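This report refers to the structure that appears directly beneath it.
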Amino acid sequence: MYAATTIQKLALMASKPKSSRLHNLAGARWESVAKKPRMMTTDASISDAFSKYAEYLNNLNEKREKVVKASRDITMNSKKVIFQVHRIGKLNKDEVLEKAEKDLQAVRDQHVSRLVKELNGTDFWKLRRAYSPGVQEYVEAATFCKFCQTGTLLNLDEINATFLHLCDSSIEPLQINILDYLLGLADLTGELMRLAISRISDGELDFADKICRFVRDLHRELTIIVPNMDESHDMKFKMDTMLQSVMKIENACFSVHVRGSEYIPMLGVNDPSYTLMGVPDMEL
């Protein structure tokens, strides 16, 4: 009995080191197998991927800065074209519009062409937010000139056709998208409102009535289109501003037709001898 117990204890003591050695050996082999692929392939591939992404983002940010600068130049020079058109009067219409058209051509050749060059080989939608303000201002200036020349609306295809010569025929040309075109048209109504008021003050009532009908029709058409568009906070905000412009033009034209010639001398006159109805006070 004593011998059997002793033999069992010796057998148990002899089996423990063997089991421990086998366990340690298996663990070492598993650790070496698990570590080698991670050190040799996984870490290197992740590092290469991050390097490529970093280079791509750096190039994209650099291009975005250049596109923003080109957009600012387009905005600034398009505003100059709009100010030039506002100088229009009874006697200098052809001269003013001819100068405005030349300035608009300079905007295309000098600044829009630079934007096209910066966007060469990139996705236009990827950087749209960077150049959209300049494009909207250009649409506003181009449509403003067109209306004052012919009394009609410059459509999107006509605007995009003027950009075709700015880049190589083998490269996809810059094309203004529908949303930026509509946003530019919404801004156009504000300039037409200012033009209508100034034409009323100069006695060009027929021209003011023409502007009123044009802006009213434009607002009506956009009211039908905008609810069917995708979510666009900018467009909905500008629609409210457009409605205010329509109401200002209608009120001015309505006042002229109701009050007749009494309304015109009041505009821009600070003489205290004029009363609300344009009739001087009578001495008692």
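Plus 6 on top of the position in the sequence shown (first one is 1) and you've got the numbering used here.
Just so it is clear, CB atoms sit at the ideal spot from N, CA and C, and this is done for glycine as well.
Note that the structure is a prediction, hence the values are computed from the model and not measured.
(message) Measuring only the C-alpha atoms, how far is phenylalanine 243 from valine 232?
(response) 11 angstroms
(message) Here's the rule I'm using: 16 or more other beta-carbon atoms within 10 Å means buried, otherwise exposed. How should isoleucine 80 be labelled?
(response) buried
(message) According to DSSP, simplified to helix, strand and coil, what is isoleucine 3?
(response) Any question about residue 3 goes unanswered here, given that the chain covers just 7 to 290.
(request) Could you tell me whether the Cβ atoms of leucine 66 and glutamine 142 are closer together than 8 angstroms? (result) no
(message) Quick check: the Cα distance between serine 207 and valine 264, rounded to an integer number of angstroms?
(response) 16 angstroms
(request) Rounded to whole angstroms, what's the CA-CA distance from valine 118 to glutamine 111? Just pull it up for me. (result) 10 angstroms
(message) Applying the 10 Å Cβ sphere with the 16-neighbour rule, what's the burial state of isoleucine 230?
(response) exposed
(message) When you compare the region 85-94 with the region 145-152, are there three or more beta-carbon pairs, one atom per stretch, that lie closer than 8 angstroms?
(response) yes
(request) Give the straight-line distance between the Cα atoms of methionine 2 and serine 57, rounded to the nearest whole angstrom. (result) The structure shown does not extend to residue 2, since the chain is modelled only from 7 through 290, so no value can be given for it.
(message) If I follow the unbroken alpha helix (DSSP H) through glutamine 181, where does it start and stop?
(response) Element bounds for glutamine 181: n/a, residue is neither H nor E.
(message) My assumption, with CB atoms under 8 angstroms, is that isoleucine 165 sits in contact with alanine 202. Please give the rounded CB distance.
(response) Isoleucine 165 to alanine 202, Cβ: 23 angstroms. No contact.
(request) Could you tell me the boundaries of the alpha helix (DSSP H) in which lysine 132 lies? (result) Here lysine 132 belongs to no alpha helix (DSSP H), and DSSP marks it neither H nor E.
(request) Compare the C-alpha of serine 238 against each of Leu103, Ile184, Leu224, Cys151 and name the closest. (result) Ile184
(request) Please report how far the alpha carbon of alanine 55 lies from the alpha carbon of lysine 132, in whole angstroms. (result) 21 angstroms
(request) Within the same chain, show all residues whose beta-carbon is closer than 8 angstroms to that of aspartate 215, passing over the 5 residues directly before and after it, in chain order. (result) Cys259
(request) For methionine 253, name the three-state secondary structure that DSSP assigns. (result) helix
(message) Between which residues of its own chain and leucine 282 is the CB-CB distance below 6 angstroms, once the five residues before and five after are set aside?
(response) In this predicted model, leucine 282 has a pLDDT of only 36, less than 50, meaning its place in the structure is not dependable enough to derive any value.
(request) Could you pull out every unbroken alpha helix (DSSP H) segment of at least 4 residues lying fully inside the region 135-198, listed in chain order? (result) 162-167
(request) Could you have a look at asparagine 234 and say whether DSSP puts it in helix, strand or coil? (result) helix
(message) Taking the beta carbon of valine 39 as the centre, do at least 16 other beta carbons fall within 10 Å, making it buried, or is it exposed?
(response) Because the pLDDT of valine 39 is 48, which lies under 50, any placement of that residue in the model is unreliable, and the number read from its coordinates should be weighed accordingly. Exposed is the call here.
(request) Along the alpha helix (DSSP H) that carries arginine 114, what are the first and last residues, could you check? (result) No alpha helix (DSSP H) contains arginine 114, which DSSP labels as neither H nor E.
(request) Please state whether DSSP places leucine 125 in a helix, a strand or coil. (result) coil
(request) Could you tell me the distance, in whole angstroms, from the CA atom of arginine 93 to the CA atom of lysine 99? (result) 8 angstroms
(request) For my contact list, leucine 191 and leucine 224 are in at a C-beta cut-off of 8 angstroms; report their separation, rounded to the angstrom. (result) 7 angstroms
(request) Between the Cα of aspartate 193 and those of Ala60, Val221, Cys173, spot the shortest distance and give me the residue it belongs to. (result) Val221
(request) Since I believe glutamine 155 is in contact with leucine 103 (beta carbons under 8 angstroms), could you give me their beta-carbon distance rounded to a whole number of angstroms? (result) 6 angstroms
(message) Once DSSP output is grouped into helix, strand and coil, what is the label at glutamate 68?
(response) helix
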